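Enquirer: These protein sequence lines map, in sequence, to chains A and B.
If you count the first sequence from 1, position 58 lands on 58 in our numbering, and the numbers rise without skipping.
Converting from the second sequence to our numbering requires adding 169 to each position, the first position being numbered 1.
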Amino acid sequence: MKQIPTSDSPGSMRQDEPQGEPVDLAAEGSGWLADMLRGQSQLDEPADEGFAAAVMQILPERSTGSVMAARRSASRDRSASVLPGWLAAVLPLLGVYGLVVTAATMLWLALTLAVIPGAGAAPLIGPGVLEAWEGLADSLVINLAHWLAPAMILGWLAWWLHQQEWLLE
Amino acid sequence: MKLDVAALAEDPDLALLQRVRQHDDRQAFGLLVTRHQGVVRALLRRLAGGDAAWADELAQEAFLRAYQNLGGFRGEARFRTWLIRIATNVFLEQRRRGDAQLQAQTQALSDEAELQMAAGLMAQADHVLSLSDTVALSLDMQRALDMLSEAERQAIVLSYWGDLSHAEAALALGCPLGTLKTHLLRGRAKLETALAAWAPRQPLEQCK
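1. Which word fits S318 (chain B), buried or exposed, when buried means at least 16 other C-beta atoms lie within 10 angstroms of its C-beta?
2. Which residues, in chain order, does the segment 237 to 253 of chain B contribute to contact with chain A at a C-beta distance below 9 angstroms?
3. Anyone know if the C-beta pair for A231 (chain B) and W330 (chain B) falls short of 8 angstroms?
4. Scan the segment 349 to 367 of chain B for residues whose Cβ lies nearer than 8 angstroms to a Cβ of chain A and list them as they occur along the chain.
5. What does the alpha-carbon distance come out to for the pair R264 (chain B) and S301 (chain B)?
6. Assign L308 (chain B) to one of two classes, buried (16 or more other C-beta atoms within 10 Å of its C-beta) or exposed (fewer than that).
7. Quick one: what does DSSP say S301 (chain B) is sitting in, helix, strand or coil?
8. Using 8 angstroms as the limit for Cβ to Cβ distance, is P181 (chain B) near chain A?
9. Let's see if you can read the secondary structure: which residues bound the alpha helix (DSSP H) around W32 (chain A)?
10. Within a Cβ cutoff of 8 angstroms, which residues of the same chain sit near A217 (chain B), ignoring the five residues on either side of it in sequence?
11. Could you name the residues of chain A that V202 (chain B) contacts, counting a contact when the two beta carbons are closer than 8 angstroms?
12. What does the Cβ neighbour count give for R266 (chain B), buried or exposed, with the cut at 16 atoms within 10 Å?
13. Run through the segment 306 to 338 of chain B for me and flag every whole alpha helix (DSSP H) of 4 or more residues, listed as ranges in chain order.
14. Which same chain residues end up closer than 8 angstroms to L239 (chain B) when comparing Cβ atoms and leaving out the 5 residues on each side of it in sequence?
15. Kindly say whether W160 (chain A), judged by its beta-carbon, lies nearer than 8 angstroms to any beta-carbon of chain B.
16. Return the CA-CA distance between I58 (chain A) and A151 (chain A), expressed in angstroms with no decimal places.
17. Which of the residues in the segment 322 to 334 of chain B, read from start to end, lie with their CB under 8 angstroms from any CB of chain A?
18. Quick check on W147 (chain A): buried or exposed, where buried means 16 or more other Cβ atoms within 10 Å of its Cβ?
19. Any beta carbon from chain B within less than 8 angstroms of L87 (chain A)'s own beta carbon?
20. Any beta-carbon of chain A closer than 8 angstroms to the one on R266 (chain B)?
21. Going along the chain, which residues of its own chain have a beta-carbon closer than 7 angstroms to the beta-carbon of G95 (chain A), five neighbours each way excluded?
22. Going along chain C, which residues have a C-beta under 8 angstroms from Q163 (chain A)?
23. Which runs of the beta strand (DSSP E), 3 residues or longer, sit entirely within the segment 196 to 256 of chain B?
24. Closer than 7 angstroms by C-beta to S79 (chain A): which residues in its own chain qualify, once you throw out the five before and the five after it? Chain order, please.
25. Considering D182 (chain B), what are the terminal residues of the alpha helix (DSSP H) in which it resides?
26. Which residue wins for smallest C-alpha separation from I255 (chain B), given the options B:D220, B:R214, B:V209?
27. For a contact defined as C-beta to C-beta under 7 angstroms, what are the partners of G219 (chain B) on chain A?
28. State the DSSP-derived secondary structure class of A158 (chain A), mapped to helix, strand or coil.
29. Using CA coordinates, which residue listed in B:D180, B:R215, B:Q229 is at the minimum distance from G199 (chain B)?
30. Buried or exposed, going by whether 16 or more other CB atoms sit within 10 Å of the CB of G347 (chain B)?
31. For H352 (chain B), report the span of its alpha helix (DSSP H) as first-last.
32. Please find out if some non-hydrogen atom of the ligand SAH comes closer than 7 angstroms to the beta-carbon of P369 (chain B).
33. Kindly list the residues whose CB is nearer than 6 angstroms to the CB of D194 (chain B), restricted to its own chain and excluding five residues on each side of it in sequence; keep chain order.
Shown next as C-alpha cells:
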C-alpha cells in the first residue's frame with residue numbers, strides 16, 4: 001500500500017518533513033481527495049504488455065571496463081562481502097606475502113642455477129666462495145620446504161580467493 | 170554504493186541492482202523494469218496530460234538513462250525514488266526543449282489509438298449504456314489535472330503517483346520545499362472543486 005502524505009492518516013507524514021508548520025496542514029487537504037488520488041494512481045499503473053521487452057531491446061552493451069570497475073568496487077566494499085571481516089582484511093596481506101615469497105623463490109632458483117650447474121666456477125662468483133653459496137642454497141631449500149612453500153601456496157590461494165570473491169555472493 | 174547483507178535480503182531491488190552492476194545481468198535489469206514500469210509510466214502519463222504514447226517514449230528514455238547511470242545510484246534513496254527522479258528529469262527536459270516533433274509524432278499515434286479505443290468503446294456502448302465509474306473517474310481526473318498549472322500538476326503527480334515525500338518531490342522538481350507545498354495546497358484545492366461530484370456524500374446530521 002502506498003503511503004500518501006495526508007494529515008488524516010497517522011504515520012503518513014515522512015520523517016524528513018518538519019511537522020507543525022501551518023502550510024503542512026493546508027497542503028495535505030481533506031481525506032477523500034487523498035484516498036481518491038491514491039486509488040487512481042494504483043488503477044493507472046498499466047500492465048507490462050511488452051514494455052520491458054521493448055526497453056531491453058534498446059539497452060546498449062555495457063563496457064567490460066565498467067563492469068570490472070563495479071566488481072572491483074564491490075570487492076573493496078567490505079559490507080557487501082559474505083566473508084568474515086577479519087578474513088577479508090587479511091586476504092590482501094596474505095596475497096602480498098605470497099608475492100614476496102614467490103619473488104624469493106625465483107631468486108633462489110636463479111642462484112641455484114648459477115651455483116649448482118657450475119662444474120667449475122660460477123659465472124658471477126669467485127671459485128673460493130662456491131661452498132658458501134651451496135650452503136646458503138641448502139639452507140634456503142630447507143626453509144622453503146618447511147615454511148615458505150606452504151605459505152606461498154596459501155598466499156596465492158588467498159589472493160585468488162580475494163579476486164574471485166564475487167563468485168561467492 | 171554501500172550495501173549490507175540485511176538490506177539486500179529486505180530489498181529485492183538492491184539484489185537485482187548488484188547483479189546488473191557486477192555481472193552486467195541484463196535479465197536482472199529486465200526484472201527491475203518489470204517491477205517499476207507501472208509506476209513510472211502511470212506518473213509520466215499524468216504528467217504528459219494523458220498522452221500515453223509520449224509518456225511511454227519518455228519512460229523508455231528514463232529506463233535507458235537509469236541503466237547507463239547505475240553507477241550514480243548510491244543507495245541513499247529507494248531505487249524507485251531514484252528512477253522517478255530520472256523520469257521527472259526526462260519529462261522536464263523534453264518539456265523545456267519543446268520537442269514538438271516527437272510529441273507530434275507520438276500524438277498522431279496516440280490520436281489513432283484513441284480513435285481505435287473510441288470505436289471500441291462505441292461498440293461496447295451498444296451493450297453498456299454508460300462508461301464504468303472507473304473509466305469516467307479516470308477521465309475526470311485527467312480533466313481536473315489539466316486545469317492545474319504546470320507546477321501544481323507536477324507537485325500533485327509526483328506526490329501521489331510517484332509516492333514521493335514532499336522533500337523528495339521538491340528535489341526532483343528543483344524547487345524549494347515551501348514552494349512545492351504551496352503548489353500542493355493550491356492544486357488540491359482546485360482538484361477538490363473539480364472532483365467534488367466524486368466526493369463521498371456526508372451523512373446528514375440527525376436533528377435533535
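The beta carbon of each residue, even a glycine, is placed where N, CA and C say it ideally should be.
Keep in mind the model is a prediction, meaning the values are calculated, not measured.
Expert: By the coordinates alone:
1. As a working mapping, residue 318 (chain B) is identified with position 149 in the second sequence. Classification of S318 (chain B): exposed, given that the 10 Å Cβ count is below 16.
2. Q237, L239, G240
3. The residue given as residue 231 (chain B) occupies position 62 in the second sequence. The residue given as residue 330 (chain B) occupies position 161 in the second sequence. The answer is no: Cβ separation not under 8 angstroms.
4. K350, T351, L353, L354, R357, A358, L360, E361, L364, W367
5. Counted from its first residue, the second sequence places residue 264 (chain B) at position 95. Counted from its first residue, the second sequence places residue 301 (chain B) at position 132. Whole-angstrom Cα-Cα distance: 33 angstroms.
6. By one-based count along the second sequence, residue 308 (chain B) stands at place 139. Label assigned to L308 (chain B): exposed.
7. By one-based count along the second sequence, residue 301 (chain B) stands at place 132. Three-state result, S301 (chain B): coil.
8. As a first step, residue 181 (chain B) is located in the second sequence; it is residue number 12 there, counting from the start. No, no contact with chain A.
9. Your numbering for residue 32 (chain A) matches position 32 in the first sequence. W32 (chain A) -> alpha helix (DSSP H) spans 31 to 44.
10. For the purposes of this step, residue 217 (chain B) is identified with residue 48 of the second sequence, where counting begins at 1. Hits under 8 angstroms: W223, A224, L227, F260.
11. As a working mapping, residue 202 (chain B) is identified with position 33 in the second sequence. Correct list: F51, A52, V55, M56.
12. On the second sequence, position 97 is the one that residue 266 (chain B) refers to. Per the 10 Å Cβ criterion, exposed.
13. 319 to 329
14. Against the second sequence, residue 239 (chain B) aligns to sequence position 70. Result list for L239 (chain B): L186, V189, R190, in chain order.
15. Here the question's residue 160 (chain A) lines up with position 160 in the first sequence. No, because no Cβ of chain B sits closer than 8 angstroms to the Cβ of W160 (chain A).
16. For the purposes of this step, residue 58 (chain A) is taken as residue 58 along the first sequence, with counting starting at 1. For the purposes of this step, residue 151 (chain A) is taken as residue 151 along the first sequence, with counting starting at 1. C-alpha separation (whole angstroms): 50 angstroms.
17. I325, S328, Y329, W330, D332, S334
18. Along the first sequence, one-based indexing puts residue 147 (chain A) at 147. The residue is exposed, with fewer than 16 neighbouring Cβ atoms inside 10 Å.
19. Taking the first residue of the first sequence as position 1, residue 87 (chain A) is located at position 87. It does not; no Cβ of chain B falls within 8 angstroms.
20. The sequence position of residue 266 (chain B) within the second sequence is 97, counting from 1. Closer than 8 angstroms: no.
21. For the purposes of this step, residue 95 (chain A) is taken as the residue at position 95 of the first sequence. Excluding sequence neighbours, G95 (chain A) sits near G155, A158, W159, H162.
22. Annotation note: the requested chain C is absent from the structure, which comprises protein chains A and B.
23. none
24. Translated into positions along the first sequence, residue 79 (chain A) becomes position 79. Bear in mind that the predicted position of S79 (chain A) carries a pLDDT of just 46, short of 50, making it unreliable; the figure below should be weighed with that in mind. None.
25. Along the second sequence, one-based indexing puts residue 182 (chain B) at 13. Segment 181 to 192, the alpha helix (DSSP H) holding D182 (chain B).
26. Counted from its first residue, the second sequence places residue 255 (chain B) at position 86. For I255 (chain B), the nearest C-alpha among the options comes from B:V209.
27. Indexing the second sequence from 1 puts residue 219 (chain B) at position 50. Here the premise fails: no neighbours, minimum Cβ distance about 10 angstroms.
28. Taking the first sequence and counting its residues from 1, the one referred to as residue 158 (chain A) is at position 158. Of the three classes helix, strand and coil, the one that applies to A158 (chain A) here is helix, per DSSP.
29. Here residue 199 (chain B) is taken as the residue at index 30 of the second sequence, counted from 1. When each option's Cα is compared against that of G199 (chain B), the closest is B:Q229.
30. Taking the first residue of the second sequence as 1, we reach residue 347 (chain B) at position 178. Counting Cβ neighbours within 10 Å, G347 (chain B) comes out exposed, since fewer than 16 surround it.
31. As a first step, residue 352 (chain B) must be located in the second sequence, where it is residue number 183. Run containing H352 (chain B): 346 to 363, per the alpha helix (DSSP H) assignment.
32. Absence of the ligand SAH is noted for the structure shown, with no ligands found whatsoever.
33. As a working note, residue 194 (chain B) is residue 25 in the second sequence. Same-chain partners within the cutoff: R188.
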